[in-house]
Amino acid sequence: MICFINRSTVDFDIRLNKYVMACKQTRTPYFVIGWDRLLNASFKDENEYHFKVYSPYTKGKKLIPLLRWLFFVWYYLIRNFNKYKVIHACNMENILFVLPFKLLGKKIIFDVYDTQKPVIERKIIPMIDVLILPHEKRIEPIGISKNKVKRLFVVENVPALDYQLKELKPRSDNKIHLSYVGTFQAKYRGLEETLEMVKNDDRFIFDIAGTGEEMEPLVKQYAKECDRIIYHGKVLYSDALELMHNSDFMVALYYTNAPVHKYASPNKFHESLFLRRPIITSLNTLVGERVLEANSGYVVADTVEALLSVFDNYGSEEYMKEYNTKVENCKRLWDDIYKNYRTDYMEGEYIDLVRSMQ
């Protein structure tokens, strides 16, 4: 049996959901210790324990809730001690909590979503059994050589997709449809610039969905002032995919004034391939490099002027020819590499890894 630990829940965390679905499909015993931080988790079964303390994702870490989370994690790890052999902990704050169980004979998987404290991570990694990264280049910001890693395993952020692409109906509004689905984060994701751009340019319609306390009031205010900005709130993943599929461009900016964004490996890259929708992302980032290499979207500097330049000559024959090339590149890359990722890699190689550690 494997235990997953994360400061999120299976319904909110797409990467965690992917591991759980692989376990379900292969009948690999598991349980999840998760934090329902917005008190609105919908996924719940007998294998999931929810820590129900309100702690918004965009707020800082508070000591008292973290201590309560620590004791919650330890309680269920001790309660189920004889059932599991492997602990799969996501991110540094969780791996620190479970390291004592390594001394008690448990195998530890450290899944690095975001590099947070490289100095600490460099000390932890040689102690754990498996390091999981979303891309090989993500080892660079940690600053540790591969020979100090017992086993490196790459799990790309390819979402588990059961969504059937629907045939899109021709539009009559002649607008440029943009979409954004995700966490609202001020200053680092280009949301303020996108909202302002759409408000001031009637060529655009912007569908935006997600959560985030520090930005939500601003998003609601823009939607109130501009009927071309449609705020959907928190949506189910199937609805999020439909929303993005119905757009012309997916906005996924990762401003480099947040150092962690340089090596970000968002699921938006793979969603854009599956949905055949060109992505707009940031220059000098890992995701930007991948988009340029695949010619599957647009890579821009972190300014509203650069964002606007994406749409220069939109609608012209030359522009639409290039746009359709990007759409075809999305489809080809998805079909050639990622279409069977869940069955071949998650239900195959990942589950084989877990079973070899039992």
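Under the working numbering, the first residue of the sequence shown is numbered 16, with each subsequent residue one higher.
Even for Gly, the Cβ is constructed at its ideal location relative to N, Cα and C.
Could you give the first and the last residue of the continuous alpha helix (DSSP H) run that contains Val213?
Leu206 to Asn215
Taking 7 Å as the cut-off, decide whether the C-beta atoms of Leu146 and Val173 are in contact.
no
If we count the other Cβ atoms within 10 Å of its Cβ and call it buried at 16 or more, is Arg375 buried or exposed?
Not covered by the structure: residue 375. The range shown for the chain is 16 to 373.
Quick one: any contact between the stretch 135 to 152 and the stretch 325 to 335, if contact means 3 or more CB pairs under 8 Å?
no
First and last residue of the alpha helix (DSSP H) that includes Met16?
Careful: Met16 lies outside any alpha helix (DSSP H) and carries neither H nor E.
Ignoring anything shorter than 3 residues or poking outside the stretch 124 to 151, list the beta strand (DSSP E) runs there in chain order.
With a minimum length of 3 residues, the continuous beta strand (DSSP E) runs that stay inside the stretch 124 to 151 are 145 to 148.
Using 7 Å as the threshold, is the C-beta distance between Lys132 and Ile102 below it?
no
Could you tell me the alpha carbon to alpha carbon distance between Thr296 and Tyr269, rounded to whole angstroms?
7 Å
Just curious, the beta strand (DSSP E) that Trp50 is in, first and last residue?
Tyr45 to Trp50
Could you name the residues that DSSP lists as bridge partners for Met265?
Ser194 and Ile294
Taking 8 Å as the limit between beta carbons, can you name the residues of its chain near Phe86, skipping five residues before and five after?
none
contact_flag[the stretch 212 to 221, the stretch 276 to 295] where n(CB pairs < 8 Å) is 3 or more
no
Cβ atoms of Tyr178 and Leu256: under 7 Å apart, would you say?
yes
Assigned exposure category for Leu82 - 16 Cβ within 10 Å defines buried:
exposed
DSSP state of His247 mapped onto helix, strand, coil:
coil
Hey, is the stretch 245 to 255 in contact with the stretch 183 to 190, meaning 3+ C-beta pairs nearer than 8 Å?
no
Between the CA atoms of Ile135 and Ile29 - distance to the nearest angstrom:
26 Å
Sorted by chain position, which residues of the same chain lie with C-beta nearer than 7 Å to Ser253's C-beta, five sequence neighbours on each side aside?
Tyr178
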